[in-house]
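Numbering (the UniProt record's numbering), first residue to last: 1 to 159.
Even glycine gets a Cβ: it sits at the ideal position worked out from N, Cα and C.
Keep in mind that this is a model prediction, so the values were computed, not measured.
Pasting the structure below:
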């Protein structure tokens, strides 16, 4: 079937080249539909396998997913040069490693940090609000400074 797109008339031979491409790839629609069905089936089967794994072997599931959530961002931060995230990831890793080290010693020392899950969640919520607070404050200060600098060099800033 002819393509429904409007072809630019200023490109010589574009319509002919486009028609050749359609003729060359005729009949691939069924293959694309099959690929989509395979993708959906794979996702459903993988979800079933993950749920079964979690139900039957909870400790190994938790360990593997935790390690993946810890290591996979490291790969992307190095690949994409996100050094700020890498530095916070490193600080988190050092602090967590210290806590894990102290918590796994036998006999348990009196210097072992006493951390409950509620304390960790509270700390995370506090950091979230600090991030929002400092983000908004930084934006407002940047706006005030840019207005001041614009007025200093003579650029009128409309209100």
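Bounding residues of the alpha helix (DSSP H) (the contiguous stretch that carries residue i)
{"i": "residue 83", "result": "83 to 103"}
{"i": "residue 42", "result": "29 to 56"}
{"i": "residue 18", "result": "14 to 24"}
{"i": "residue 152", "result": "117 to 152"}
Cβ-Cβ distance between residue i and residue j below 7 Å
{"i": "residue 66", "j": "residue 77", "result": "no"}
{"i": "residue 61", "j": "residue 53", "result": "yes"}
{"i": "residue 100", "j": "residue 113", "result": "no"}
Same chain, Cβ closer than 6 Å to residue i, five either side skipped, listed in chain order
{"i": "residue 19", "result": "none"}
Which listed residue (the options) has its alpha carbon closest to that of residue i
{"i": "residue 115", "options": "126, 103, 142, 36", "result": "103"}
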